[in-house]
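Below is one structure; the comments refer to it alone.
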Amino acid sequence: MIAETRTVFWEDGQLCLIDQRKLPETFEIVRYQTYTEVAEAIRDMVVRGAPAIGAAAAFGMALAAQRSTARDRQALGADLAEAAEVLRKARPTAVNLSWAVAQMLAHFERAEQQDVALLKQALLAQAQRIADEDVRINQRIGEHGAALVPEQATIIHHCNTGSLATVMWGTALGVIRSAHLQGKRLHVLVDETRPRLQGAK
Numbered sequence: 001m002i003a004e005t006r007t008v009f010w011e012d013g014q015l016c017l018i019d020q021r022k023l024p025e026t027f028e029i030v031r032y033q034t035y036t037e038v039a040e041a042i043r044d045m046v047v048r049g050a051p052a053i054g055a056a057a058a059f060g061m062a063l064a065a066q067r068s069t070a071r072d073r074q075a076l077g078a079d080l081a082e083a084a085e086v087l088r089k090a091r092p093t094a095v096n097l098s099w100a101v102a103q104m105l106a107h108f109e110r111a112e113q114q115d116v117a118l119l120k121q122a123l124l125a126q127a128q129r130i131a132d133e134d135v136r137i138n139q140r141i142g143e144h145g146a147a148l149v150p151e152q153a154t155i156i157h158h159c160n161t162g163s164l165a166t167v168m169w170g171t172a173l174g175v176i177r178s179a180h181l182q183g184k185r186l187h188v189l190v191d192e193t194r195p196r197l198q199g200a201k
């Protein structure tokens, strides 16, 4: 596989996102320390693409837990519910966003820990699992899809499906990448780049 930076990743207690608004002229990693900052980044299209938005929202929920001053499980749950509401409103049409928030809330509800510090750790681990699973799924989509792509195929690529739309690798564009890595010669037509040229990046 090609070495690349994840679009969404956790480092030094912060969520890190590639600022997609500045591409291709400038490559910049922006760091976020609160769930409200993450919601703003989603709303302002710093992060784009349903899978990437979902992972960012999961880490937003983890940040809500990390920054919470709650002393018991019930108070932490209230803080998470508030964060969930803010994050969901950041991009109501992004299905992966609401899915990831629901996954984080469900993980909290299922967790057996009562200790707040342990719950915070469990939520961060769950956000990381959501991000890692996105990478695995995309790579598998690429592998299986590439098997269906004939040599010298012409493929129409529509909208934002590359590695920037996901945590890493890409969905439909991931199939094209995998086919290319298999040595297949392809011709790719990009027919839409809206909004903000995202399908061309």
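For the sequence shown, UniProt numbering begins at 1 and goes up steadily by one.
Built from N, CA and C at the ideal position, the CB exists for glycine as well.
Note that the structure is a prediction, hence the values are computed from the model and not measured.
For residue 4, the three-state DSSP class (helix, strand or coil): coil
List the DSSP bridge partners of residue 9. 16
C-alpha gap between residue 124 and residue 104, whole angstroms: 9 Å
Boundaries (first-last residue) of the alpha helix (DSSP H) holding residue 185: Careful: residue 185 lies outside any alpha helix (DSSP H) and carries neither H nor E.
Host beta strand (DSSP E) of residue 31 (start-end): 29-32
Name the DSSP beta bridge partners of residue 190, please? 157
Work out the CA separation of residue 152 and residue 255 for me, nearest whole Å. With the chain running from 1 to 201 in the structure shown, residue 255 is simply not present.
Do residue 165 and residue 48 come within 8 Å of each other at the CB atom, strictly closer than that value? yes
Hey, could you find the ends of the alpha helix (DSSP H) residue 164 is sitting in? Looking at the DSSP string, residue 164 is not in any alpha helix (DSSP H), and its letter there is neither H nor E.
Taking residue 115 as part of the alpha helix (DSSP H), name the residues at either end of that continuous run. Unbroken run through residue 115: none, as it is neither H nor E.
Would you say the stretch 144-159 touches the stretch 114-121, given that touching needs at least three Cβ pairs under 8 Å? no
Cutting at 6 Å between CB atoms, please list the residues of its own chain near residue 90, excluding the five before and the five after it. 39, 42, 43
Whole-Å CB distance - residue 63 paired with residue 33, under 8 Å assumed: 7 Å
How would you call residue 22, buried or exposed, if buried means at least 16 neighbouring beta carbons within 10 angstroms? exposed
Output needed for residue 173: all residues of its chain with C-beta closer than 7 Å, excluding positions within five of it in sequence on either side, in chain order. 157, 161, 162
For residue 127, which option in 59, 168, 4, 66 has the closest C-alpha, if you only look at C-alpha atoms? 59
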